[in-house]
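Beneath this line is the structure, given in structure tokens, with notes to follow.
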Amino acid sequence: MKVAVLGTGSVGQSLSAKLASLGHEVKMGTRDVAASRERKGVDNFGQPLVGEWLSSPAAKKVQLTTFLEATKGADLVVLATLGQIAHDVLASCGQHLDGKVILDITNPLDFSKGFPPTLSVCNTASLGEQLQAAFPKARFVKSLNTLSNPVMVKPDLVPGDHNVFVSGNDETAKQQVKALLESFGWKAASIIDVGDITTARATEMLLPLWVRLFGAWKTPMFNFAVRRA
Ligand SMILES: NC(=O)c1ccc[n+]([C@@H]2O[C@H](COP(=O)([O-])OP(=O)(O)OC[C@H]3O[C@@H](n4cnc5c(N)ncnc54)[C@H](OP(=O)(O)O)[C@@H]3O)[C@@H](O)[C@H]2O)c1
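According to my numbering, the sequence shown holds residues 678 to 906 in order.
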């Protein structure tokens, strides 16, 4: 499969590396290819900046290009940008999103007043449904946004059974994303289909809890596990 991964942060890096290791053809999108290649060193969490990461073995088969070029001809688009600019990034991809499945990992986190962040949209709307409404010809599936990027692509980093959620209007698109998650190592029984894209309100609103657990435990290596009677 040809996959466009829009985003060069730790999520874009983890997803690109995993998808390439599974034999997919991965193009990673960024604003400015030359500027991104120059970004060396690590961020505040010790994660490699994209220029550093590109010289690692995990990135060997990943091609860095612009957001627009990455989406041209892609079979699947992974949206892994900062939530607040996701709309503008997708708009820059024009008609190349039409008909495509978009695995949306973004969260509407607003860090403008520091940590912990607030949600820039919640309760009566979500970033997932705003994007679906803005790009009606694309088929959005919100998933993986409730866990840290290492766990997204290697669920057994967290012991025991734990869950990943899926929200979206298009059943075929959700089936495609579920199959992809299974290829990452998620058990079918651990993937919870919450419903249509409006249910992204609920999973995005888990983030205030997630960031506080991160603050308390000082590690991102945890996940939510839902038990049903
Ligand atoms: N970090 C995690 O483990 C985690 C877990 C769950 C969900 N998420 C969500 O996943 C998304 C990605 O997170 P992340 O930590 O990997 O990276 P991030 O720092 O949130 O986003 C990085 C990406 O956003 C783009 N970007 C930033 N400002 C921009 C602007 N003004 N205009 C256009 N593009 C801009 C960057 O473009 P350039 O490449 O051009 O710099 C880069 O590709 C976020 O929505 C986050 O909430 C993250």
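Glycine included, C-beta positions come from ideal geometry on N, C-alpha and C.
- A Cβ-Cβ distance of about 7 Å is found for the pair E881 and C799, placing them in contact under the 8 Å criterion.
- Separation of F817 and S844 (C-alpha to C-alpha, rounded to the nearest whole angstrom) is 8 Å.
- Within the DSSP bridge table, the entry for I869 names F842 as partners.
- Distance between K814 and K737, taken at the CA atoms: about 33 Å.
- A distance criterion of 8 Å places the beta-carbon of S825 in contact range of ligand 1, judged by its closest non-hydrogen atom.
- For T707, the enclosing beta strand (DSSP E) begins and ends at 702-707.
- Q740: member of the beta strand (DSSP E) spanning 739-743, first to last residue.
- As computed with DSSP, P827 is found in no beta bridge at all.
- One thing to note: V841 has its Cβ within 9 Å of the Cβ of N900.
- DSSP places P734 within a helical segment (H, G or I) once states are collapsed to three.
- Checking the 8 Å criterion, the Cβ of N822 is within range of a heavy atom belonging to ligand 1.
- CA-CA distance, D787 to G771, rounds to 26 Å.
- Taking the C-beta atoms as reference points, G760 is found nearer than 9 Å to T783.
- Excluding five sequence positions before and after L808, the CB atoms of its chain that fall closer than 7 Å to its own CB belong to A763, H764, L767, D781, F817, given in chain order.
- No residue range can be given for V798, since it is assigned to no beta strand (DSSP E) and is classified by DSSP as neither H nor E.
- Taking T707 as reference, the option from T896, G723, A866, V727 with the minimal CA-CA separation is V727.
- Judged by pairs of C-beta atoms under 8 Å, the segment 682-700 touches the segment 820-831, as three or more such pairs exist.
- Excluding the 5 residues flanking it on each side, L883 has same chain C-beta neighbours closer than 8 Å at T823, F901, in chain order.
- Burial state of V755 is buried, judged by a 10 Å Cβ sphere holding 16 or more other Cβ atoms.
- If you draw a straight line from the Cα of A757 to the Cα of A681, it is about 10 Å long.
- In the three-state reduction of the DSSP assignment, L753 falls in the strand class.
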